[in-house]
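Contents: one structure, followed by commentary.
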Amino acid sequence: APKSVRVCAMTFAPSSLVFYAWLLLTLHAATVCANFHLGDYVPTARRGQFHGTRTSWHDALGRHAPRFGMDRTVAMPIPRPESFQPGDEYKLSLAFEGEHFVTPWLRVLGGNLDKLNTKSAEHAPIPMVQVRLTRTHDKMVSVRAHVVPLPLAYAREHVDLLDEFYNATAWPKHVIVRYEWNERRDVSPLQGEAVLFVSTAALALVVVFSAFRRAGVGSSVAELVASAADDGPSSVR
Numbered sequence: 146a147p148k149s150v151r152v153c154a155m156t157f158a159p160s161s162l163v164f165y166a167w168l169l170l171t172l173h174a175a176t177v178c179a180n181f182h183l184g185d186y187v188p189t190a191r192r193g194q195f196h197g198t199r200t201s202w203h204d205a206l207g208r209h210a211p212r213f214g215m216d217r218t219v220a221m222p223i224p225r226p227e228s229f230q231p232g233d234e235y236k237l238s239l240a241f242e243g244e245h246f247v248t249p250w251l252r253v254l255g256g257n258l259d260k261l262n263t264k265s266a267e268h269a270p271i272p273m274v275q276v277r278l279t280r281t282h283d284k285m286v287s288v289r290a291h292v293v294p295l296p297l298a299y300a301r302e303h304v305d306l307l308d309e310f311y312n313a314t315a316w317p318k319h320v321i322v323r324y325e326w327n328e329r330r331d332v333s334p335l336q337g338e339a340v341l342f343v344s345t346a347a348l349a350l351v352v353v354f355s356a357f358r359r360a361g362v363g364s365s366v367a368e369l370v371a372s373a374a375d376d377g378p379s380s381v382r
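Residue numbers for the sequence shown follow the working numbering, so the first one is 146 and each next one is one higher.
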């Protein structure tokens with residue numbers, strides 16, 4: 146009598162499907178949200194440190210943020226901290242693209258900042274934060290920042306900032322921030338899309354394979370193949 150073939154119905158755990166769907170959507174969203182167009186404002190936040198305490202992150206306005214792929218100089222306001230006294234040190238940290246890129250603490254007030262290159266005729270004795278941002282096509286890849294003396298050309302255009310910097314009662318202070326962009330060409334957009342496609346396809350295969358294993362389909366397929374082989378024509382001796 147012919148052998149009956151048992152075929153198991155494929156069932157999927159709803160929680161597993163939800164997890165894998167969420168994983169795929171997250172991967173896709175991460176690749177889309179990281180894209181910028183030339184001139185787009187890059188989300189920026191700042192926080193301060195003084196007297197051993199740190200403030201929370203505060204979103205910067207567009208006029209104080211960098212624009213993607215475009216060099217610019219801004220005057221970022223620093224509100225007066227509570228209990229701040231003349232001569233106290235104040236450090237600033239900047240974050241870009243939702244804290245994906247965070248600068249180290251940069252001292253912009255107090256200490257010996259008034260002695261930065263005071264003998265140089267090319268620099269004014271107040272600090273400037275220089276931020277170098279690196280991009281690859283439509284994505285940011287790195288950020289570096291450090292404090293340098295303010296070039297005299299900027300000081301001549303903003304004489305009021307010099308008076309404000311040394312006036313203990315003038316608040317908010319404004320810190321000059323210079324954003325400069327570098328472009329790194331290492332992977333073409335077409336190559337990047339190909340890598341993304343292959344990665345997504347590989348992840349999809351992993352999801353399907355895992356779902357099949359959870360549903361027990363692998364063993365059913367093996368039984369089906371074995372049963373079909375047994376039903377084949379017998380050999381004649």
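For every residue, glycine included, the Cβ atom is placed at its ideal position computed from N, Cα and C.
Here the structure is a predicted model, which is why all the values come from computation and not from measurement.
Among 222, 227, 223, 210, the one whose alpha carbon lies nearest that of residue 184: Checked all of 222, 227, 223, 210; the closest Cα to residue 184 is 210.
C-alpha gap between residue 224 and residue 245, whole angstroms: 25 Å
Of the listed residues 205, 251, 236, 256, nearest to residue 131 (C-alpha basis): Given that the chain is displayed from residue 146 to residue 382, the structure contains no residue 131 and the question cannot be resolved.
Inter-stretch contact at 8 Å, needing at least 3 Cβ pairs: the segment 220-234 / the segment 287-297: No, they do not touch.
Residue of 286, 290, 321, 220 minimising C-alpha distance to residue 330: 286
Candidates 350, 321, 198: closest to residue 269 by CA position: Comparing Cα positions, the closest option is 321.
Residue 248 in three-state terms, based on DSSP: The answer is coil: DSSP assigns residue 248 none of H, G, I, E or B.
For residue 190, three-class secondary structure by DSSP: strand
8 Å Cβ shell around residue 249 - same chain, five flanking residues per side excluded: 238, 290
Spatially closest choice to residue 187 from 351, 328, 324, 348, by CA coordinates: 324
Rounded separation between residue 254 and residue 309 - CA only: Cα atoms of residue 254 and residue 309: separation of roughly 12 Å, rounded to the nearest angstrom.
Neighbour-count burial assignment, residue 198, 16 or more Cβ in a 10 Å radius: exposed
Limits of the beta strand (DSSP E) - the one that residue 227 falls within: Residue 227 -> no beta strand (DSSP E), and no H or E assigned at all.
Candidates 304, 240, 318, 215, of which the one nearest residue 288 by Cα: With distances taken between Cα atoms, residue 288 lies closest to 240.
Where the beta strand (DSSP E) through residue 385 begins and ends: Because the chain is modelled from 146 through 382, residue 385 falls outside the range shown and cannot be assessed.
Contact check, residue 181 vs residue 283, beta carbons under 8 Å: yes
Beta-bridge pairing of residue 211 - partner residues as DSSP gives them: DSSP, once it has assigned bridges, lists no residue as partnering residue 211.
Buried versus exposed call for residue 235 [16 or more other C-beta atoms within 10 Å across all chains shown]: buried
DSSP beta-bridge partners of residue 140: Absent from the model: residue 140. The displayed extent of the chain is 146 to 382, so no value can be given.
Residue 181 (DSSP reduced to helix, strand or coil): coil
Identity of the residues DSSP links to residue 195 by a beta bridge: 198
Residue 226 versus 203, 317, 267, residue with shortest Cα-Cα distance: 317
Status (buried if at least 16 other CB within 10 Å, exposed otherwise) for residue 208: Exposed is the call here.
Top-ranked residue by Cα proximity to residue 281, from 201, 221, 326, 219: 326
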